[in-house]
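In the numbering used here, the protein residues as written are 18 to 270. For glycine and all other residues, C-beta sits at the position ideal for the given N, C-alpha and C. To start, the structure under review is shown below, and the notes come after it.
As structure tokens, then:
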């Protein structure tokens, strides 16, 4: 596989806060079109790694390449979409419809005060439809459930057609009965729209059924390989990665 087919590449990355080592010697490659699940216990460095990938933190050692370009030289940030955990800072009383929230995802591409062309308006509708929220297109964002709001935030992230979509525990706040449908939607985005996905999650049982690759992080990268290989690990091996006993539950379909 040549470098052009690697969306994200991390080489020998280490990061520390003051004297505390959070990440040590991380090496990771994410091929184009893959769906990577990033798992690990609380405090394992997952959020720190995401911040490094998004250029918000600078590692002490190592290099990050985005689409073959060192992050220090990377300018095409519109190629990357990001969805955080349910935006607790988001004011659900803000008077904006689903359409308006998703359309705001084009701001970085078009500028703050540009009017949307017919093509861009259609892109907004397509993004809303892709996450199954078209029936709510004119609904106020504050009237939606937590899971529906997360779908809208994902539509906002994909409206500019990113090549890589990073999701930080997007099922936080999603009703447990709708989590499977949520993962099905991500699977559709990956398979049918060809978006490369990087998903941070605690839900090991579900992701091994949906993702193509898994990376298990706990300061070090303890596992990085195909989902089928990860699914074959026993509880003892997983417990060694996590530092405590772990039992994986499978979800019924």
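Item, Value
"Between residue 32 and residue 73, what straight-line distance do the alpha-carbon atoms span, to the nearest angstrom?", "12 Å"
"What are the complete beta strand (DSSP E) segments, minimum 3 residues, inside the segment 85–169?", "97–100"
"Less than 6 Å between C-beta atoms, sequence neighbours within five positions excluded: which residues of the same chain meet that for residue 183?", "99 and 215"
"Count the other C-beta atoms from every protein chain shown that fall within 10 angstroms of the C-beta of residue 112, then say buried if there are 16 or more, exposed otherwise.", "exposed"
"Going by Cα to Cα distance, which pick from 82, 172 and 89 is closest to residue 116?", "172"
"Evaluate residue 132 with the Cβ neighbour count: other Cβ atoms within 10 Å of its Cβ, from every protein chain shown; 16 or more gives buried, anything less gives exposed.", "exposed"
"Which same chain residues end up closer than 8 Å to residue 154 when comparing Cβ atoms and leaving out the 5 residues on each side of it in sequence?", "114, 115, 116, 142 and 145"
"Count the other C-beta atoms from every protein chain shown that fall within 10 angstroms of the C-beta of residue 222, then say buried if there are 16 or more, exposed otherwise.", "exposed"
"Among 169, 90 and 83, whose alpha-carbon lies nearest the alpha-carbon of residue 151?", "169"
"Provide the residue(s) that pair with residue 233 in DSSP beta bridges, ordered along the chain.", "56 and 240"
"Does DSSP put residue 46 in a helix, in a strand, or in coil?", "strand"
"Using the rule of at least 16 other Cβ atoms within 10 Å of the residue's Cβ for burial, across every protein chain shown, is residue 201 buried or exposed?", "exposed"
"Leaving out five residues on either side along the sequence, give the residues of the same chain with a beta carbon under 7 Å from the beta carbon of residue 101.", "185"
"Measuring straight from C-alpha to C-alpha, what distance separates residue 218 and residue 134?", "37 Å"
"Is DSSP giving residue 35 helix, strand or coil here?", "coil"
"Indicate, with yes or no, if the ligand FMN has a heavy atom lying under 6 Å from the CB of residue 187.", "Looking for the ligand FMN in the displayed structure turns up nothing, as the structure carries no ligands at all."
"Can you check DSSP and say which residues form a bridge with residue 82?", "26 and 87"
"Excluding sequence positions up to five away, which residues of its chain have a Cβ less than 7 Å from the Cβ of residue 258?", "233, 235, 239 and 240"
"Mapping the DSSP letters down to three states, classify residue 225 as helix, strand or coil.", "helix"
"In three-state terms, what does DSSP make of residue 213?", "strand"
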